[in-house]
Amino acid sequence: PEAADLRALSRHLYEAYLKNFPLTKVKARAILSGKTGDNVPFVIHDMKSLMEGEQFINCKQIPIQEQHSSALTAGLEEIIGAYQGPEYGFLGMGMNVSGQPPPDALELRFFHSCQSRSAEAVREVTEFAKSIPGFIDLDLNDQVTLLKYGVIEVLTIMMAPLMNKDGTLISYGQIFMTREFLKSLRKPFGQMMEPKFDFSVKFNILELDDSDMALFLAVIILSGDRPGLLNVKPIEQLQETVLHSLELQLKLNHPDCLQLFAKLLQKMTDLRQIVTDHVHLIQLLKKTEVDMCLHPLLQEIMKDLY
Amino acid sequence: LKDKHKILHQLLQNSTSPVDL
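Now the structure itself:
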């Protein structure tokens, strides 16, 4: 009976994962391996293709663009206001009246668009967290703390299926951006993604599927050692159950890889370091980039984080 | 904590839609 309960939990979390995360690993790997027929991603590998990629996305999203047309041509306040909705695209901010961006602002504009998608991803992760049995019964302050500390780790893990050694899918799999291009962006933007590529390439060797990922994400969210938690015990109890479910899932789903559970848990240490470095980089950007504005939700999460 | 994390709190309480975000 206990194993049956653990399998039911696994199925429940997998369903919640499918419901809340639009680009699954199955879909991402199909796109990356060219198995989606004519539906190939647009490749961004230099500044010219970055501009073309922007048009490519805008053409696909005319109704959304019309809704936000005032934000496209306006200043800082409107840029903050333009952080609305997942379909807004990967670029499309800080354009001047002629529709051409000032070239030196490209990195910042791209960074703003990434933030927009990240904020939407935080909403998706929050909905997923709420579906973990027992999560919404935790103290509300502790729910906030678990998300504040867990969400960037979850988003980092979720980048892995979108990446290979040469680049990453963005904009819901419609765009493939090369690693070399990301590396070529001016400092410190060019340094931001390299650690994620290194981590993802190693993480992908474990060959987790979407149902494994669902459990692993729940384990990360239910970390009882986050600073400031008021009531640790119920969180640890929930995590223990999900850990048992993950262990069983990996045994059944990857019978030939006996150490997979241990290997996966070891990744959590690397993950914390990557997130700490990422947050420090963002905090540095806030000080050095005068034109940078951080999305209010990401500000909330990153303030006093590490 | 809730005061410092209003949007997260709203997301948890279902009072923020994707459009509000």
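From first to last, the protein sequence lines are chains A and B.
Start counting the first sequence at 336; every next residue gets the next number (our numbering).
Start counting the second sequence at 4; every next residue gets the next number (our numbering).
From the three backbone atoms N, C-alpha and C, an ideal C-beta is built for every residue, glycine too.
Strictly below 8 Å CB to CB, what residues from chain B border residue i?
i, result
"GLU706(A)", "Outside the shown range of chain A (336 to 641) lies residue 706(A), about which nothing can therefore be said."
"THR357(A)", "First, the residue type needs correcting, since residue 357(A) is Pro and not Thr in the sequence shown. Under the 8 Å cutoff, chain B gives no residues; its nearest Cβ is about 12 Å from PRO357(A)."
"LYS642(A)", "Past the edges of chain A, shown from 336 to 641, lies residue 642(A), and the structure says nothing about it."
"THR461(A)", "LEU11, LEU14 and LEU15"
Is it right to say residue i is buried, meaning 16 or more other beta carbons lie within 10 angstroms of its own, or is it exposed?
i, result
"GLY502(A)", "buried"
"ASN499(A)", "buried"
"THR371(A)", "exposed"
"LEU593(A)", "exposed"
"SER519(A)", "exposed"
"PRO562(A)", "exposed"
"GLU659(A)", "Nothing about residue 659(A) can be reported from this structure: the residues present for chain A run from 336 to 641 only."
"GLY388(A)", "buried"
"HIS613(A)", "buried"
"LYS7(B)", "exposed"
"LEU595(A)", "buried"
"GLN16(B)", "exposed"
"PRO590(A)", "exposed"
"LYS383(A)", "exposed"
"ILE555(A)", "buried"
"ALA343(A)", "exposed"
"LYS483(A)", "buried"
"ALA454(A)", "buried"
"TYR418(A)", "Residue placement at TYR418(A) is poorly supported in this model, since its pLDDT is 37, which falls under 50; the coordinates still yield a value, given next. TYR418(A) should be labelled buried."
Note down the Cα distance separating residue i from residue j, rounded to an integer number of angstroms.
i, j, result
"LEU606(A)", "ILE492(A)", "8 Å"
"ILE467(A)", "PRO530(A)", "29 Å"
"GLN509(A)", "LYS568(A)", "43 Å"
"GLN13(B)", "LEU619(A)", "28 Å"
"ASP545(A)", "HIS347(A)", "13 Å"
"LEU633(A)", "LEU541(A)", "30 Å"
"SER448(A)", "LEU600(A)", "32 Å"
"TYR352(A)", "ILE10(B)", "22 Å"
"THR611(A)", "ILE392(A)", "32 Å"
"LEU367(A)", "TYR507(A)", "12 Å"
"ASN539(A)", "ALA338(A)", "27 Å"
"SER535(A)", "MET494(A)", "7 Å"
"ALA440(A)", "TYR349(A)", "40 Å"
"LEU565(A)", "LEU473(A)", "10 Å"
"PHE551(A)", "GLU488(A)", "11 Å"
"LEU341(A)", "LYS602(A)", "23 Å"
Could you name the residues of chain B that residue i contacts, counting a contact when the two beta carbons are closer than 7 Å?
i, result
"PRO569(A)", "Under the 7 Å cutoff, chain B gives no residues; its nearest Cβ is about 16 Å from PRO569(A)."
"PRO631(A)", "ILE10"
"LEU482(A)", "LEU11"
"GLN478(A)", "LEU15"
"THR513(A)", "Those do not exist, as THR513(A) stays about 29 Å from chain B at its closest Cβ, beyond 7 Å."
Comparing alpha-carbon positions, which option in the options lies nearest residue i?
i, options, result
"GLU635(A)", "PRO376(A), VAL486(A) and SER448(A)", "VAL486(A)"
"GLU442(A)", "ALA363(A), LEU490(A) and LYS522(A)", "LYS522(A)"
"ILE505(A)", "HIS589(A), THR576(A), MET627(A) and LEU385(A)", "LEU385(A)"
"TYR641(A)", "ILE609(A), CYS628(A) and LEU629(A)", "ILE609(A)"
"VAL378(A)", "ALA339(A), PHE516(A), GLN450(A) and LEU353(A)", "PHE516(A)"
"LEU629(A)", "ARG514(A), MET527(A), ALA339(A) and SER451(A)", "SER451(A)"
"ASP639(A)", "GLU488(A), THR480(A), TYR352(A) and ALA343(A)", "THR480(A)"
"HIS615(A)", "PHE524(A), LEU358(A), VAL457(A) and GLN390(A)", "PHE524(A)"
"VAL296(A)", "GLN390(A), LEU497(A) and MET527(A)", "Since the first residue shown for chain A is 336 and the last is 641, residue 296(A) is missing from the structure and cannot be characterised."
"LEU587(A)", "PRO631(A), LEU475(A), ASP547(A) and LEU473(A)", "ASP547(A)"
"PRO357(A)", "GLU462(A), PHE445(A) and GLY369(A)", "GLU462(A)"
"ILE570(A)", "PRO376(A), ASN476(A), ILE617(A) and THR513(A)", "ASN476(A)"
"VAL375(A)", "LEU583(A), MET637(A) and PHE511(A)", "PHE511(A)"
Going along chain B, which residues have a C-beta under 9 Å from residue i?
i, result
"LEU475(A)", "LEU4, LYS5, HIS12, LEU15 and GLN16"
With 8 Å set as the bound, which would you pick, yes or no: does the beta-carbon of residue i sit closer than that to a beta-carbon of chain E?
i, result
"LEU552(A)", "No chain E is present in this structure, whose protein chains are A and B."
Along the stretch 447-459 of chain A, where does the CB come closer than 7 Å to a CB of chain B? Name the residues. ALA454, GLU455 and ARG458
Near-chain B residues of the stretch 528-553 of chain A - C-beta to any C-beta below 9 Å: none
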